[in-house]
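Asks: Chains as they are written, first to last, in our numbering: chain E, 1 to 114; chain V, 1001 to 1114.
After the structure tokens below, expect a handful of questions from me.
2 protein chains.
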Amino acid sequence: MSVALNTGQSLKLWHDVALSMVKDDEPDLSVRQMCILLTIYLEAPPHTVRDLARKLDVSKPVITRALDSMGKLELVTRRRDEKDRRNVLVQRTVKGALYLERLADMIGNMSGSL
Amino acid sequence: MSVALNTGQSLKLWHDVALSMVKDDEPDLSVRQMCILLTIYLEAPPHTVRDLARKLDVSKPVITRALDSMGKLELVTRRRDEKDRRNVLVQRTVKGALYLERLADMIGNMSGSL
DNA sequence: AGCAGTCGTTTCGGAGCCGTACCATTCTGT
DNA sequence: ACAGAATGGTACGGCTCCGAAACGACTGCT
């Protein structure tokens, strides 16, 4: 059980994690991409482009392009919805799950050593 | 006093904060920019371009350009070091301090409601 | 069957960032 | 005083991303 972080703790945590991400070899995801990825993995499916755009309050092309790039990194997959072929269902991948697991470890460790 | 966050808590915290940043009107800073900004505000001065480049393990132009953009946003200032006029000292601004204070509040609140 | 509405993608011009290489200024050691 | 190191900035070509608008595929209603 934890308690709200104070100002210094919050900023140090953010700094340490950001630093790890920068030093990492893997290409940095933008804040928007990260947000999309986390939404897909944290919230219950199905995830459509329009849903994601509405949730993040950004335009649809932003989602399409982010899915393109993250798809190239295999963090995420797209599939047509067979029930309504206008929709595209965004799905998780093993690589994406591992990526976020690593991120969570990083945050967990950093928060543990505040 | 707090304790290391678990996987779910870590990702939810990151997601919520990222979402707030995306929805915010202010332009998103990249992970690298954020990291530079936090380093300047968390670590003791003086901060030179070369120092920052070494700390983040990136090339000098990355720092120069990040300072350009963040300077335009008035989050940071540059001044020549009069002792050694080759050096540029990176300095904090009121706007930058407010920006990070807002960020810390966001993180603090999110972490409080896990 | 026709047609308006929905959904995701593409296109276009513009902006930002990247890494490499090079440049101008300033300092330092001899 | 001068060569060479150190420091920060700039130029270039390439890549990504952006927002707005147009587009093609699909659905559902009449």
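All C-beta atoms, glycine included, are put in the ideal place defined by N, C-alpha and C.
Keep in mind the model is a prediction, meaning the values are calculated, not measured.
Are LYS12 (chain E) and LEU114 (chain E) touching if we call contact CB-CB under 8 Å?
Replies: The residue given as residue 12 (chain E) occupies position 12 in the first sequence. The residue given as residue 114 (chain E) occupies position 114 in the first sequence. Cβ atoms of LYS12 (chain E) and LEU114 (chain E): closer than 8 Å.
Asks: With burial defined as no fewer than 16 other Cβ atoms inside 10 Å of the residue's Cβ, what is the status of GLY96 (chain E): buried or exposed?
Replies: In the first sequence, the residue the question calls residue 96 (chain E) occupies position 96. GLY96 (chain E) should be labelled buried.
Asks: Does LEU98 (chain E) pass the burial test, meaning 16 or more other C-beta atoms within 10 Å, or should it be called exposed?
Replies: The residue given as residue 98 (chain E) occupies position 98 in the first sequence. Counting Cβ neighbours within 10 Å, LEU98 (chain E) comes out exposed, since fewer than 16 surround it.
Asks: What's the C-alpha gap between VAL1076 (chain V) and GLN1091 (chain V)?
Replies: To locate residue 1076 (chain V), count along the second sequence from 1; it is residue 76. To locate residue 1091 (chain V), count along the second sequence from 1; it is residue 91. Roughly 6 Å between the two C-alpha positions.
Asks: Return yes when the Cβ of SER1111 (chain V) is within less than 8 Å of the Cβ of LEU56 (chain E), no when it is not.
Replies: Here residue 56 (chain E) refers to the residue found at position 56 when the first sequence is read from its first residue. Here residue 1111 (chain V) refers to the residue found at position 111 when the second sequence is read from its first residue. In this structure, SER1111 (chain V) does not lie closer than 8 Å to LEU56 (chain E) by Cβ.
Asks: By DSSP's criteria, VAL76 (chain E) is part of a beta bridge. Which residues make up the other side?
Replies: To locate residue 76 (chain E), count along the first sequence from 1; it is residue 76. Looking at the DSSP assignment, VAL76 (chain E) forms a beta bridge with E:ARG92.
Asks: Rounded C-beta distance between ARG32 (chain E) and VAL58 (chain E)? I'm assuming under 8 Å.
Replies: As a working mapping, residue 32 (chain E) is identified with position 32 in the first sequence. As a working mapping, residue 58 (chain E) is identified with position 58 in the first sequence. About 7 Å separates the two Cβ atoms, so the contact holds.
Asks: Return the CA-CA distance between ASN1087 (chain V) and LYS1060 (chain V), expressed in angstroms with no decimal places.
Replies: Stepping through the second sequence from its first residue, residue 1087 (chain V) is reached at position 87. Stepping through the second sequence from its first residue, residue 1060 (chain V) is reached at position 60. Between ASN1087 (chain V) and LYS1060 (chain V), the C-alpha separation is close to 13 Å.
Asks: Compare the C-beta of VAL90 (chain E) against all C-beta atoms of chain V and say whether one is closer than 8 Å.
Replies: For this step, residue 90 (chain E) is matched to residue 90 along the first sequence. Not one chain V Cβ lies under 8 Å of VAL90 (chain E).
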